[in-house]
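In what follows, a single structure is set out as structure tokens and then discussed.
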Amino acid sequence: MDTLSTSVSTSLRVPSLHPTPHRDFFHFKPPYPYTSQQIFPHHSSHLSSSTTKLPKNKKTSSVTAKNLNLPPLLTSSGASSPLKPANPNNVHRKPAIGYAAALLDKALCDDSVELTRKDVKRVSKLLKKEQIQAILNDPFMGEKEKGEVVKKVVKIAKVNRFLACLVKMMVERNKVGIVSEVLDEFEKIYEELCGTRTVLVTSEKKMEENQLFEIAKRVQMLSGAVNVKVRNLVEDRVPSFAL
Numbered sequence: 010m011d012t013l014s015t016s017v018s019t020s021l022r023v024p025s026l027h028p029t030p031h032r033d034f035f036h037f038k039p040p041y042p043y044t045s046q047q048i049f050p051h052h053s054s055h056l057s058s059s060t061t062k063l064p065k066n067k068k069t070s071s072v073t074a075k076n077l078n079l080p081p082l083l084t085s086s087g088a089s090s091p092l093k094p095a096n097p098n099n100v101h102r103k104p105a106i107g108y109a110a111a112l113l114d115k116a117l118c119d120d121s122v123e124l125t126r127k128d129v130k131r132v133s134k135l136l137k138k139e140q141i142q143a144i145l146n147d148p149f150m151g152e153k154e155k156g157e158v159v160k161k162v163v164k165i166a167k168v169n170r171f172l173a174c175l176v177k178m179m180v181e182r183n184k185v186g187i188v189s190e191v192l193d194e195f196e197k198i199y200e201e202l203c204g205t206r207t208v209l210v211t212s213e214k215k216m217e218e219n220q221l222f223e224i225a226k227r228v229q230m231l232s233g234a235v236n237v238k239v240r241n242l243v244e245d246r247v248p249s250f251a252l
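With the working numbering as the guide, the letters of the sequence shown map in order to residues 10 to 252.
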């Protein structure tokens, strides 16, 4: 049975319907296998030793399909507030999170979070292009050649020195295969810290932008989230059952 053939991702930022007071962010010590001190020498961590402040009017909240009374096809993801450190037993299971957290930590200390995020999104988009994916997924191409391709993409994107340094280090450590995953994890951590709610909507056909906007607006009204991201997952067919 076919489960999924295509996926469409649409992001919507809805103006805040309920003004939220400014609040200092919580202490966040990432129990990840890599720290910013390891990746960026002589770096003082914000995530592990001080209170992190992100842009004003940002907050975290938990949103689920159950407490929102949303249609059955809607699910949502996000962290509850405040964020809780991961289980120490899972520390070494996903190194991509460690790299992403270290990059965000460095960006926070340098007051360049938004700039770094833009660079991350730019590189992520380039790496997901069909031609680049064909090269990175080619089993007959060596890690060194793939690494050169990734470094060339980063050079074309003209990213800041922190992201460039991270990618270069990952290439040298033969971690090219998880570069895209690291960029995705960076976005997830950023959204969690900023209180962005992500809602997944599955449908047989691609939904119109105004429909996704209405869903985002409804989620925001019910949850009080500052930002809402709606992703439309398009399936070839939704199986039907005869009773």
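Yeah, the Cβ is synthetic: ideal placement off N, Cα and C, and Gly gets one too. Quantities reported herein were computed from a predicted structural model and do not represent experimental measurements.
Element boundaries [beta strand (DSSP E), containing residue i]
i          : result
valine 243 : 236 to 243
With 16 other Cβ atoms within 10 Å as the buried cut-off, status of residue i
i              : result
arginine 170   : exposed
glutamate 181  : exposed
alanine 105    : buried
isoleucine 165 : exposed
aspartate 128  : buried
glutamine 229  : buried
alanine 143    : exposed
histidine 31   : Legend: pLDDT at histidine 31 = 33, less than 50; position of this residue unreliable, value from coordinates given subsequently. Flag for histidine 31 reads exposed.
methionine 216 : buried
Continuous alpha helix (DSSP H) stretch holding residue i: start and end
i              : result
arginine 126   : 122 to 136
aspartate 193  : 188 to 203
asparagine 146 : From DSSP, asparagine 146 is part of no alpha helix (DSSP H); its letter is neither H nor E.
asparagine 219 : 218 to 232
aspartate 119  : Run containing aspartate 119: none; DSSP gives neither H nor E here.
lysine 160     : 152 to 166
For residue j and residue i, believed in contact at Cβ under 8 Å, the rounded distance
i              : j            : result
arginine 206   : lysine 226   : No, arginine 206 and lysine 226 are not in contact; Cβ-Cβ is about 12 Å, not under 8 Å.
aspartate 193  : serine 133   : 7 Å
valine 162     : leucine 124  : No, valine 162 and leucine 124 are not in contact; Cβ-Cβ is about 18 Å, not under 8 Å.
asparagine 236 : cysteine 203 : 7 Å
Checklist line | Cβ pair count under 8 Å reaching 3, the stretch 176 to 187 against the stretch 146 to 161 | finding: yes
Note to self: Taking contact to mean 3 or more Cβ pairs, one atom from each stretch, closer than 8 Å, check whether the stretch 196 to 216 and the stretch 106 to 126 are in contact.
What the structure shows: yes
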